[in-house]
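**Student:** The numbering of the sequence shown is the working numbering, which starts it at 55 and goes up by one. Sharing a structure below in structure tokens format, with a few things to ask.
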Amino acid sequence: MAQPKTAWDQHPEPLTVASAPVPEYGSGSLADLLPTLAAGLGVPDMDAAIGELTPADRNCVFLIDGLGWEQLRAHPEDAPFMASLLATSRGGTGRPLTAGYPATTATSLASVGTGLPPGAHGLPGYTVRNPDTGELMNQLRWQPWTPPGPWQPYPTVFQLAHAAGVHAAQVSSPTFENTPLTKVALSGGTFLGRLSGEERVDLAAEQLAAGDRSLVYTYFAEVDGAGHRYGVDSDTWRGQLMYADRLVQRLAEQLPPRSALYVTADHGMIDVPFDEQHRIDFDEDWELSAGVALLGGEGRARHVYAVPGAATDVLTCWREVLGEQFWVASRDEAIAAGWFGPRIDERVYGRIGDVVAAARDDVLLIASEREPKESAMVGNHGSMTPAEQLVPLLEVRS
Numbered sequence: 055m056a057q058p059k060t061a062w063d064q065h066p067e068p069l070t071v072a073s074a075p076v077p078e079y080g081s082g083s084l085a086d087l088l089p090t091l092a093a094g095l096g097v098p099d100m101d102a103a104i105g106e107l108t109p110a111d112r113n114c115v116f117l118i119d120g121l122g123w124e125q126l127r128a129h130p131e132d133a134p135f136m137a138s139l140l141a142t143s144r145g146g147t148g149r150p151l152t153a154g155y156p157a158t159t160a161t162s163l164a165s166v167g168t169g170l171p172p173g174a175h176g177l178p179g180y181t182v183r184n185p186d187t188g189e190l191m192n193q194l195r196w197q198p199w200t201p202p203g204p205w206q207p208y209p210t211v212f213q214l215a216h217a218a219g220v221h222a223a224q225v226s227s228p229t230f231e232n233t234p235l236t237k238v239a240l241s242g243g244t245f246l247g248r249l250s251g252e253e254r255v256d257l258a259a260e261q262l263a264a265g266d267r268s269l270v271y272t273y274f275a276e277v278d279g280a281g282h283r284y285g286v287d288s289d290t291w292r293g294q295l296m297y298a299d300r301l302v303q304r305l306a307e308q309l310p311p312r313s314a315l316y317v318t319a320d321h322g323m324i325d326v327p328f329d330e331q332h333r334i335d336f337d338e339d340w341e342l343s344a345g346v347a348l349l350g351g352e353g354r355a356r357h358v359y360a361v362p363g364a365a366t367d368v369l370t371c372w373r374e375v376l377g378e379q380f381w382v383a384s385r386d387e388a389i390a391a392g393w394f395g396p397r398i399d400e401r402v403y404g405r406i407g408d409v410v411a412a413a414r415d416d417v418l419l420i421a422s423e424r425e426p427k428e429s430a431m432v433g434n435h436g437s438m439t440p441a442e443q444l445v446p447l448l449e450v451r452s
């Protein structure tokens, strides 16, 4: 007797573009967070898009790289303080935010800092084609070197807040102070580099108190690093989550009066098994590589750049081969569906792949020769599944 289908099994084959869960741009995405806080601080031309949040005079955003909503909920014993705050998320609704597509660090940090979705700020992937040079550009490491200003020309929310008289500061690792990604995504006000997590949260509290109106950002990277190397739920990952939890509590206990602390993340993460069923190797697949000039993005969120005249054939092939496991769209279909936000700037259009592929199942499209380090990672992210997209917005007020 045939088994009844679950709700998850009841989907078209291949997956339709319209069935992808598009991020909540304009109401509940990472790009909406700083504009909402800045609007509450009286910064001109800022929109309080996340309507559930109550304004505060002093606002701190603590971003924990790689700590998705689902991972936090699954590990309350390792993060008891943050778990106790789950009901406060998104203004007391107990709901998460969405990261934005793709759910990857460079894209998400640019969305946070500029208050714009990827189609506007122009960092729509881990690696994307530079239309001016034809080369792949790694937007996390900023390689090859590309002038930052033209690549992302919009002011950050920190710059706008500083100009409006708000005390703006970023407290992070000294390594990030002069990076191009920091320049285009998180500059404005004062950058203060500190090595240890304890030093950062202590200084973040001091910076909150330094102004009657304050906007402070601090960051912790190690949860993400442990997940990539050892996997979510590994002992190493759990240890980093425990440490992050203690940092959040330490900062919460030092909040000056009239403050709000928001704990969020840039993406979640899933572990992908190391076998041919779950890891499809582009470099060994003649069907997928036919007609492809450049392979961008990352294993769960690919930008595919076709040789001239081959885009339609590449789209057809990718749908035939991957369409039951990936949402596969043409550039224009992905844009029309809102994957990168409600608008696409002209300078960004050519950075998006001729074909865009986002994983639904627990699979990766690796490239063992082109991307040996990325292909060896245990934990991965990038797509639109809840495990990758949903991020917390925990809140503590004083």
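Note that CB positions come from ideal geometry on N, CA and C, so glycine has one too. Please read all numbers here as calculations on a predicted model, not as lab measurements.
From the DSSP output, in three-state form, read off Arg283 for me.
**Tutor:** Looking at Arg283 - three-state DSSP - the assignment turns out to be helix.
**Student:** Which residue's Cα is closest to the Cα of Glu260: Val409, Ile389, Val225, Pro178?
**Tutor:** Cα-wise, what sits closest to Glu260 is Val225.
**Student:** With burial defined as no fewer than 16 other Cβ atoms inside 10 Å of the residue's Cβ, what is the status of Glu195: buried or exposed?
**Tutor:** The amino acid occupying residue 195 in the given sequence is Arg; Glu does not appear at that position. Exposed is the call here.
**Student:** As a quick exercise: from Leu301, Ser83, Ala364, Arg312, pick the residue whose alpha carbon is nearest that of Thr168.
**Tutor:** Per the Cα distances, Ser83.
**Student:** Relative to the C-alpha of Gly16, which residue among His435, His175, Thr70, Ala218 is closest?
**Tutor:** Here the chain comprises residues numbered 55 to 452, so residue 16 is not present and cannot be evaluated.
**Student:** Okay, do the region 299-317 and the region 134-145 touch, 3+ Cβ pairs below 8 Å being the bar?
**Tutor:** Flag = yes, the region 299-317 and the region 134-145 touch.
**Student:** For the beta strand (DSSP E) that Ser138 lies in, which residues bound it at each end?
**Tutor:** Segment 134-138 is the alpha helix (DSSP H) holding Ser138; no beta strand (DSSP E) there.
**Student:** What runs of the alpha helix (DSSP H), each 4 residues or longer, lie entirely inside the region 283-317?
**Tutor:** Listed in chain order, they are 289-306.
**Student:** What does a CB cutoff of less than 6 Å around Arg451 pick up in its chain, not counting 5 residues either side in sequence?
**Tutor:** If we look at Arg451 and ignore the five residues flanking it on each side, its Cβ neighbours are Ala314.
**Student:** Rounded C-beta distance between Asp243 and Ala223? I'm assuming under 8 Å.
**Tutor:** Looking at the sequence itself, residue 243 is Gly, so the reference to Asp does not match. That pair is a contact at about 5 Å.
**Student:** For the candidate residues Tyr155, Gly345, Gly145, Cys114, whose alpha-carbon lies nearest to that of Ala85?
**Tutor:** Measuring from the Cα of Ala85, the nearest candidate turns out to be Tyr155.
**Student:** Which same chain residues end up closer than 7 Å to Glu341 when comparing Cβ atoms and leaving out the 5 residues on each side of it in sequence?
**Tutor:** The answer, listed in chain order, is Cys371, Val375.
**Student:** Quick check on the DSSP output: what are the complete alpha helix (DSSP H) runs of length 4 or more inside the region 136-199, in order along the chain?
**Tutor:** For the region 136-199, whole alpha helix (DSSP H) runs of length 4 or above, ordered along the chain, are 143-146, 159-168, 172-175.
**Student:** Could you tell me the alpha carbon to alpha carbon distance between Gly96 and Asp339, rounded to whole angstroms?
**Tutor:** Cα-Cα distance, rounded: 54 Å.
**Student:** Helix, strand or coil, according to DSSP, for Phe394 in the structure here?
**Tutor:** Three-state DSSP puts Phe394 in coil, outside helix and strand.
**Student:** Could you name each continuous alpha helix (DSSP H) segment of 4 residues or more that falls completely within the region 254-284, going from the start of the chain to the end?
**Tutor:** 276-284, all fully within the region 254-284.
**Student:** Tell me, please, whether the region 141-157 touches the region 436-445 by the rule of three or more beta-carbon pairs shorter than 8 Å.
**Tutor:** Contact holds: three or more Cβ-Cβ distances are below 8 Å.
**Student:** Measure the alpha-carbon distance for Ala421 versus Tyr273 and round it to whole angstroms.
**Tutor:** So the alpha carbons of these two residues sit roughly 30 Å apart.
**Student:** Take Val286 and list the residues in its own chain whose beta-carbon comes closer than 6 Å to its own, dropping the five residues that flank it on each side.
**Tutor:** Same-chain partners within the cutoff: Gln125, Met323, Asp325, Gly433.
**Student:** Is Gln331 buried or exposed, if buried means 16 or more other CB atoms sit within 10 Å of its CB?
**Tutor:** So Gln331 ends up on the exposed side.
**Student:** Just the C-alpha distance for Gly363 and Ala390, rounded to the nearest angstrom, thanks.
**Tutor:** Approximately 22 Å between the Cα atoms of the pair.
**Student:** With a cut-off of 8 Å on the beta carbons, I'd call His321 and Ser162 a contact; round off their distance for me.
**Tutor:** At roughly 6 Å, the Cβ-Cβ gap stays under 8 Å, so His321 and Ser162 are in contact.
**Student:** Report the rounded CA-to-CA distance for Ser241 versus Val382, giving the unit in angstroms.
**Tutor:** So the two alpha carbons sit approximately 35 Å from each other.
**Student:** Determine, using beta carbons only, whether Gly350 and Val211 come nearer to each other than 8 Å.
**Tutor:** For Gly350 and Val211, no; Cβs fall outside 8 Å.
**Student:** Going by the DSSP bridge assignment, what does Thr213 pair with across the sheet?
**Tutor:** In the sequence under discussion, the amino acid at residue 213 is Gln, which differs from the Thr named in the question. According to DSSP, Gln213 bridges with nothing at all.
**Student:** With a threshold of 16 other CB atoms inside 10 Å of the CB of Thr460, please say whether the residue is buried or exposed.
**Tutor:** Only positions 55 to 452 of the chain appear in this structure, which leaves residue 460 out of reach.
**Student:** Using only the alpha-carbon positions, how far apart do Thr70 and Ala413 sit?
**Tutor:** In a straight line, the C-alpha of Thr70 is about 12 Å away from that of Ala413.
**Student:** Taking only heavy atoms of the ligand ZN into account, decide whether any of them is closer than 7 Å to the Cβ of Pro172.
**Tutor:** For the structure depicted, the ligand ZN is absent and the ligand set is empty, with no information on it obtainable.
**Student:** Does the region 279-294 come close enough to the region 404-413 to have 3 or more Cβ pairs within less than 8 Å?
**Tutor:** Short answer: they don't touch.
**Student:** What does the Cβ neighbour count give for Asp119, buried or exposed, with the cut at 16 atoms within 10 Å?
**Tutor:** Label assigned to Asp119: buried.
**Student:** Does the Cβ-Cβ distance between Val238 and Trp205 come in under 8 Å?
**Tutor:** Yes, the pair counts as a contact, with Cβ atoms nearer than the cut-off.
**Student:** Do Ala93 and Arg312 have their C-beta atoms within less than 8 Å of each other?
**Tutor:** No; because the gap between Cβ atoms is not below 8 Å, this pair is not in contact.
**Student:** Mind checking Arg144: buried by the 16 CB within 10 Å criterion, or exposed?
**Tutor:** The residue in question, Arg144, is buried, as its Cβ has 16 or more Cβ neighbours within 10 Å.
**Student:** Ala174 and Arg397 - do their beta-carbons sit closer together than 8 Å?
**Tutor:** Yes; because the gap between Cβ atoms is below 8 Å, this pair is in contact.
**Student:** Could you tell me which of Ala103, Pro185, Thr147, Leu369 sits nearest to Pro171, measuring between CA atoms?
**Tutor:** Selected option, being the one with the closest Cα: Ala103.
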